[in-house]
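Comments concern the structure below.
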Amino acid sequence: MRFRSFDTQLYESSFPFSQNEPGRYDEENANPRRSLFKKTTGYLENYFQKKPEAQRNNGAIAYMAALDQVALVRPDVARTIVQELKDQRSYLKLIASENYSSLSVQLAMGNLLTDKYAEGHPHHRFYAGCANVDQVEDLAREELKAIFGCDHAYVQPHSGADANMVAMWACLVHRIEDKEVERLGKKSVGTLTDEEYEQIRKLMVSQRMMGMGLGSGGHLTHGYRRNVSSKVMQAFAYEVDLESGLLDYDQLQKQVKEVKPLLLVAGYSSYPRLINFAKMREIADSVGAVLMADMAHFAGLVAGKVLTGEYDPVPYAHLVTSTTHKTLRGPRGGFVLCQKEFQEVVDKGCPLVLGGPLPHVMAAKAVAFREANTPEFCSYAEQVVKNAQALSEWIVAKGIKVLTGGTDNHLLVVDVTKTFGLTGKQAENALREAGLTVNRNAIPFDVNGPWYTSGVRLGTPALTTLGMKEGEMHQIGLMIVDLLKGTKAAVKGEEKSRAKVVIDPAVLTRVQLQVKELLVDFPLYPELIVD
Numbered sequence: 001m002r003f004r005s006f007d008t009q010l011y012e013s014s015f016p017f018s019q020n021e022p023g024r025y026d027e028e029n030a031n032p033r034r035s036l037f038k039k040t041t042g043y044l045e046n047y048f049q050k051k052p053e054a055q056r057n058n059g060a061i062a063y064m065a066a067l068d069q070v071a072l073v074r075p076d077v078a079r080t081i082v083q084e085l086k087d088q089r090s091y092l093k094l095i096a097s098e099n100y101s102s103l104s105v106q107l108a109m110g111n112l113l114t115d116k117y118a119e120g121h122p123h124h125r126f127y128a129g130c131a132n133v134d135q136v137e138d139l140a141r142e143e144l145k146a147i148f149g150c151d152h153a154y155v156q157p158h159s160g161a162d163a164n165m166v167a168m169w170a171c172l173v174h175r176i177e178d179k180e181v182e183r184l185g186k187k188s189v190g191t192l193t194d195e196e197y198e199q200i201r202k203l204m205v206s207q208r209m210m211g212m213g214l215g216s217g218g219h220l221t222h223g224y225r226r227n228v229s230s231k232v233m234q235a236f237a238y239e240v241d242l243e244s245g246l247l248d249y250d251q252l253q254k255q256v257k258e259v260k261p262l263l264l265v266a267g268y269s270s271y272p273r274l275i276n277f278a279k280m281r282e283i284a285d286s287v288g289a290v291l292m293a294d295m296a297h298f299a300g301l302v303a304g305k306v307l308t309g310e311y312d313p314v315p316y317a318h319l320v321t322s323t324t325h326k327t328l329r330g331p332r333g334g335f336v337l338c339q340k341e342f343q344e345v346v347d348k349g350c351p352l353v354l355g356g357p358l359p360h361v362m363a364a365k366a367v368a369f370r371e372a373n374t375p376e377f378c379s380y381a382e383q384v385v386k387n388a389q390a391l392s393e394w395i396v397a398k399g400i401k402v403l404t405g406g407t408d409n410h411l412l413v414v415d416v417t418k419t420f421g422l423t424g425k426q427a428e429n430a431l432r433e434a435g436l437t438v439n440r441n442a443i444p445f446d447v448n449g450p451w452y453t454s455g456v457r458l459g460t461p462a463l464t465t466l467g468m469k470e471g472e473m474h475q476i477g478l479m480i481v482d483l484l485k486g487t488k489a490a491v492k493g494e495e496k497s498r499a500k501v502v503i504d505p506a507v508l509t510r511v512q513l514q515v516k517e518l519l520v521d522f523p524l525y526p527e528l529i530v531d
């Protein structure tokens, strides 16, 4: 199959869009054999018609042109992308693990780098013709090293979960497999007999790891039984204190001495306080464990110099993993930072865990990392924390239970069962109906389990990207409390639902209007015109 280029005139009129709605597929005139010759109106033409020349934005032009190009083949996919933009413009995003990436980051993913296989690592590939991929990957990892001051960076993981798997297996290979191969006097794992390899394999999976329990704020990949991390090694969980909701380092020290893990994981998905990584390293060293820090949630706060000293994991952890799309505002992806001891094995993430990397996503990572390595990003990261603390303070002031009584980072967790008599699922549904997007979240020792939960997690990274500050957090806090106070569990017969709700219509209307007013004042991607 050969691809041919469309000239500009034909491109601008080459698909059956509706004359009345930009980008709307004209089903009646959708015959592909004649659609290329039908005069139509596309996203880019609509943009040019509505945007004065002096106000046009190169990123927006590229974005609209990309939508038109997608619509040549799948107008329904283009419409879905546009609908997602409209949806995100219609809700206040308080999901702590989400953000808004720049158009530069998004557009960096749409290019022919996606066509390249590049298994291996820079300047050591299993395919020819990878010089440009080497350049892109080098740019991304050098920028990361400049941001975090680490010995080595590996930017190939497709997600935070992949990054965690690379780090965990790197720990096992370096600390167990390599030493056993050396003890047996063999050159490499490939020279082992089947029996020797099986003995080493069994030894590796018998190793122990410890991570924060899911209910205490840990992540699925920190040893949750339904996740592969608990099958890679024997997994043990440490929990927060029942009363305070805080990490008890003395208790953790005792537990670590009992379990004697090979790997100690420090990091969280919903813990609203800081972790002292100097103490975590001391605890790990006391039993000779490898310390792995998962900073997926707070990497942007480290990059922005908000978390420094003993709260910055990079100087203390042997291995540091992260996503790129949360507080860092990059594309969806992950990375691993490591000390020199682990550099060689981490770079073998392919074939250890991964296959071919995603060069187009690594290009977007390089763009995002450059954006994060600026004074403006430091100001952003500082405001993220200020906003989270302001939101927490307003909610607590209304008598609402917030876990640990507040936050030191970008998130807070509200106990909606204790305060409002709702499950997390019900609170999530009610808030979404009012125009606020949150996610339900388990709390320590949750009586409602991991599906319905007793809490909701609130985060400020996306709101801060829109330009909101403490004053807007006050408004949003009042909206949340107002809405949940006006929400009750739906009843069917004599049974209360654990998911469905009944909301006071007056309260719902009031909050919906308040949400719309904020969204008008703080628009998402205002340079894009899709209406």
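Everything in the sequence shown is counted per the working numbering, starting at 1 for the first residue and increasing by one. Yeah, the Cβ is synthetic: ideal placement off N, Cα and C, and Gly gets one too. The structure presented is a predicted model; accordingly, all values stated were derived computationally and were not measured.
Answer with buried or exposed for residue i, where buried requires no fewer than 16 other C-beta atoms within 10 angstroms of its C-beta.
i, result
"S322", "buried"
"A366", "buried"
"Q389", "buried"
"E182", "exposed"
"P75", "buried"
"G160", "buried"
"P272", "buried"
"D521", "exposed"
"Q251", "exposed"
"Y112", "In the sequence on display, residue 112 carries Leu and not Tyr. Exposed, since its Cβ has fewer than 16 Cβ neighbours within 10 Å."
"A299", "buried"
"R457", "buried"
"G471", "exposed"
Apart from the five residues on each side of it in sequence, which residues of its chain come closer than 8 Å, Cβ to Cβ, to residue i?
i, result
"Q514", "Q475 and M479"
"K401", "V414, D415, K418 and T419"
"S230", "G223 and Y224"
"K305", "C378 and A381"
"L537", "The structure shown has nothing for residue 537, since the chain only spans 1 to 531."
"K257", "S286 and V287"
Looking only at its own chain, which residues have a Cβ that is under 7 Å from the Cβ of residue i, when we skip the five neighbours before and after it?
i, result
"G215", "A442, I443, P444, F445 and D446"
"Q512", "A434 and G435"
"M204", "L172, I176 and E177"
"V353", "D162, M165, V166 and W169"
"S269", "G217, G218, H219 and H297"
Secondary structure at residue i, three-state DSSP: helix, strand or coil?
i, result
"E495", "strand"
"M558", "It is not possible to answer for residue 558, since the shown part of the chain is limited to 1 through 531."
"D138", "helix"
"N99", "coil"
"N276", "coil"
"K86", "helix"
"H474", "helix"
"V545", "Absent from the model: residue 545. The displayed extent of the chain is 1 to 531, so no value can be given."
"A237", "strand"
"S35", "Any reading at S35 needs caution, since the residue's pLDDT is 46, under 50, leaving its predicted position unreliable; the model's value is listed next. Helix, per DSSP."
"V320", "strand"
"T503", "Reading the sequence as shown, one finds Ile at residue 503 and not Thr. Looking at I503 - three-state DSSP - the assignment turns out to be strand."
"R125", "strand"
"L246", "coil"
"L94", "coil"
"L528", "coil"
"A118", "coil"
"T40", "Here the model assigns T40 a pLDDT of 43, short of 50, so the residue's position is not dependable, and the following value carries that caveat. In the structure shown, T40 sits in coil (DSSP, three-state: anything other than H, G, I, E or B)."
"V314", "coil"
For residue i, I'd like the list of residues in its chain whose CB is within less than 6 Å of its CB, leaving aside the five on either flank, ordered along the chain.
i, result
"Q207", "M233 and L262"
"G211", "G218, H222, G223 and V265"
"D312", "V302"
"Y525", "none"
"R498", "T423 and Y452"
"K50", "I529"
"K145", "A153"
"M473", "N387, A390 and L391"
Q | Ordered list of alpha helix (DSSP H) runs contained in the stretch 328-370, each at least 4 residues | A | With a minimum length of 4 residues, the continuous alpha helix (DSSP H) runs that stay inside the stretch 328-370 are 343-346 and 349-352.
**Q.** Whole alpha helix (DSSP H) elements within the stretch 150-223, 4-residue minimum
**A.** Runs of the alpha helix (DSSP H) inside the stretch 150-223: 160-172, 178-183 and 194-205.
(Q) Closer than 8 Å is the cut-off here; do at least three beta carbon pairs connect the stretch 402-419 with the stretch 362-379? (A) These segments do not touch.
Q: Please confirm if the stretch 169-189 is in contact with the stretch 385-399, defined as three or more CB-CB distances below 8 Å between the two stretches.
A: No, because fewer than three Cβ pairs between the stretch 169-189 and the stretch 385-399 fall closer than 8 Å, the two stretches do not touch.
Q) Taking three-plus beta-carbon pairs below 8 Å as touching, is the stretch 113-129 in contact with the stretch 84-94? A) Contact between the stretch 113-129 and the stretch 84-94 is absent: fewer than 3 CB-CB pairs across the two stretches fall below 8 Å.
Q) Can you find at least 3 beta carbon pairs, one from the stretch 149-156 and one from the stretch 371-382, that sit closer than 8 Å? A) Under the 8 Å Cβ criterion, the stretch 149-156 does not count as touching the stretch 371-382, having fewer than three qualifying pairs.
Q.
I want to know whether the stretch 284-297 touches the stretch 137-146 - three or more CB-CB distances under 8 Å.
A. No contact exists between the stretch 284-297 and the stretch 137-146.
Q: Output the residue ranges of the alpha helix (DSSP H) runs that lie fully inside the stretch 277-307 and measure 4 residues or longer, sorted by chain position.
A: The alpha helix (DSSP H) runs of length 4 or more contained entirely in the stretch 277-307 are, from start to end of the chain, 277-285 and 299-303.
**Q.** Within the stretch 401-483, ranges of the beta strand (DSSP E) (whole runs, at least 3 residues)
**A.** Counting whole runs of 3 or more residues, the stretch 401-483 contains the beta strand (DSSP E) stretches 411-415, 439-441 and 455-459.
Q) Would you call the stretch 87-107 and the stretch 46-60 touching, i.e. three or more CB-CB distances under 8 Å? A) The way I'd put it, the stretch 87-107 does touch the stretch 46-60; three or more beta-carbon pairs between them come closer than 8 Å.
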